[in-house]
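Enquirer: Sharing a structure here in structure tokens format.
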Amino acid sequence: MAKNTFRTSPPEEKTNKKRTVQSSLNDDIDVSTNNRHPIVQLVISYCIKFLIYFFSISLVWVLVLKFVPIWVTPTMIDRKVTAIFEGRDSEIHSDWEPYENISKEAALAVVASEDQLFPQHLGFDFNAMWGAFRHNLKGKKIKGASTISQQVAKNVFLWQGRSYVRKVLEVYFTFLIEVIWGKERILEVYLNVAETGKMTFGVEAAALRYYGHSAKLINRAEAARIAAVLPSPNRFSIANPSKYVQKRTNFIMRQMRGLGGKAYIADL
Numbered sequence: 046m047a048k049n050t051f052r053t054s055p056p057e058e059k060t061n062k063k064r065t066v067q068s069s070l071n072d073d074i075d076v077s078t079n080n081r082h083p084i085v086q087l088v089i090s091y092c093i094k095f096l097i098y099f100f101s102i103s104l105v106w107v108l109v110l111k112f113v114p115i116w117v118t119p120t121m122i123d124r125k126v127t128a129i130f131e132g133r134d135s136e137i138h139s140d141w142e143p144y145e146n147i148s149k150e151a152a153l154a155v156v157a158s159e160d161q162l163f164p165q166h167l168g169f170d171f172n173a174m175w176g177a178f179r180h181n182l183k184g185k186k187i188k189g190a191s192t193i194s195q196q197v198a199k200n201v202f203l204w205q206g207r208s209y210v211r212k213v214l215e216v217y218f219t220f221l222i223e224v225i226w227g228k229e230r231i232l233e234v235y236l237n238v239a240e241t242g243k244m245t246f247g248v249e250a251a252a253l254r255y256y257g258h259s260a261k262l263i264n265r266a267e268a269a270r271i272a273a274v275l276p277s278p279n280r281f282s283i284a285n286p287s288k289y290v291q292k293r294t295n296f297i298m299r300q301m302r303g304l305g306g307k308a309y310i311a312d313l
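Quick look at the structure:
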């Protein structure tokens with residue numbers, strides 16, 4: 046009776062087949078990887094170069110502006126271009142003055158009005174930010190919590206408007222100016238670039254236009270009225286203060302006294 050015979054592969058042949066299958070799979074993976082790798086590598090390379098250039102340029106930019114007057118800001122350019130397109134007077138009123146030539150009443154007024162923890166914080170008032178976040182969650186009118194440092198970072202280096210990209214950049218530039226500029230320089234820049242009226246920037250320009258004298262001669266009441274219009278300088282007027290502006294001016298003057306007067310900002 047014939048026996049059924051089954052041919053079995055020797056161990057060496059099975060091993061060779063496994064190697065062949067594995068080699069084929071590896072070849073497929075290599076082809077797929079090679080097709081993607083150059084593109085991914087190129088994107089990563091460009092991203093790294095962009096970040097290096099961005100950090101280098103921004104660092105140099107901040108270092109230079111620590112020492113030179115800031116005559117023009119993106120906000121000034123935006124206001125001028127808008128006025129030209131709308132057919133209005135597009136003249137910008139701005140006059141840079143060193144910190145020592147500006148009344149410390151003006152410096153104290155903006156701190157009392159905008160950012161009372163300015164001498165202490167490192168650029169951010171987290172308690173105020175959390176309070177504004179909770180307020181905004183209720184769906185009411187959007188409330189900001191920007192410190193003077195954040196406002197300077199936005200006005201000097203960035204653009205107006207709300208977006209996550211701008212906010213991230215604002216945090217970055219705020220950190221840089223806090224580390225590189227220091228408090229006195231930040232306050233000096235704020236007093237020179239903050240919008241204080243229609244087409245008007247800085248307390249020197251505001252003092253000359255609305256009070257008829259330089260910022261060095263601003264008294265407490267005048268300083269408080271300038272600070273009172275800062276939340277909305279195109280809506281409120283220093284020259285013709287509304288009842289709201291007058292009420293806010295008185296409130297700011299009480300805050301200035303409560304902080305201890307000019308001594309509060311003496312050691313910035």
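In this note's numbering, the protein residues as written are 46 to 313. Just so you know, even glycine gets a beta-carbon here, dropped at the ideal spot from N, CA and C.
Taking N279 as the reference, give the member of L304, G242 and V109 with the closest Cα.
Expert: G242
Enquirer: Going by alpha carbons, who is nearest to E249 out of F202, S148 and Y217?
Expert: S148
Enquirer: Since F202 and F218 are thought to touch, with beta carbons under 8 Å apart, how far apart are those beta carbons, to the nearest angstrom?
Expert: Contact holds; Cβ gap of about 5 Å.
Enquirer: Does DSSP classify H258 as helix, strand or coil?
Expert: When DSSP states are grouped into helix, strand and coil, H258 belongs to the coil group.
Enquirer: Going by beta-carbon coordinates alone, are F169 and T192 separated by less than 8 Å?
Expert: yes
Enquirer: The alpha helix (DSSP H) spanning G318 covers which residue range?
Expert: Here the chain comprises residues numbered 46 to 313, so residue 318 is not present and cannot be evaluated.
Enquirer: Quick one: what's got a C-beta closer than 6 Å to L70's C-beta in the same chain, skipping five residues either side?
Expert: Residue confidence is low: L70 scores 47 on pLDDT, short of 50, so the model does not pin down where it sits. No coordinate-derived value is stated.
Enquirer: Quick one: Cα of V274 to Cα of I283, how far?
Expert: 7 Å
Enquirer: If I'm right that A268 touches A154 with Cβ under 8 Å, what's the distance once you round it to whole angstroms?
Expert: 4 Å
Enquirer: Suppose you measure from the CA of I89 to the CA of A266; what does that come to, to the nearest Å?
Expert: 56 Å
Enquirer: Please classify L167 as buried or exposed, where buried requires at least 16 neighbouring CB atoms within 10 angstroms.
Expert: exposed
Enquirer: With 16 other CB atoms within 10 Å as the buried threshold, where does N309 fall?
Expert: Reading the sequence as shown, one finds Tyr at residue 309 and not Asn. So Y309 counts as buried.
Enquirer: In the DSSP assignment, the beta strand (DSSP E) including E159 goes from what residue to what residue?
Expert: Counting along the chain, E159 falls outside any beta strand (DSSP E), though it belongs to the alpha helix (DSSP H) covering K149 to E159.
Enquirer: What does a CB cutoff of less than 6 Å around R293 pick up in its chain, not counting 5 residues either side in sequence?
Expert: A273
Enquirer: Just to confirm, are V238 and N200 a CB contact at a threshold of 8 Å?
Expert: yes
Enquirer: Our contact map puts V290 next to Y235 with C-beta atoms below 8 Å; I'd like the distance itself, whole angstroms only.
Expert: That belief does not hold up - the Cβ atoms of V290 and Y235 are roughly 20 Å apart, past 8 Å.
Enquirer: What are the boundary residues of the beta strand (DSSP E) that G242 is part of?
Expert: E240 to G242 is the extent of the beta strand (DSSP E) around G242.
Enquirer: Looking at the unbroken alpha helix (DSSP H) that takes in K125, where does it start and where does it end?
Expert: P119 to F130
Enquirer: If you run the structure through DSSP and keep just helix, strand and coil, what is T245?
Expert: Looking at T245 - three-state DSSP - the assignment turns out to be strand.
Enquirer: Beta-carbon within less than 6 Å of I263's beta-carbon, same chain only, minus the 5 sequence neighbours each way: which residues are those?
Expert: S148, E150, A151 and A252
Enquirer: With C-beta atoms as the reference, is V230 less than 8 Å away from K307?
Expert: One detail in the question is off: residue 230 reads as Arg in this sequence, not Val. Against a cut-off of 8 Å, the Cβ pair of K307 and R230 comes out as no contact.
Enquirer: Between K136 and M244, is the Cβ-Cβ spacing less than 8 Å?
Expert: Sequence inspection shows Glu at residue 136; the Lys mentioned does not correspond to that position. Yes. Within cutoff.
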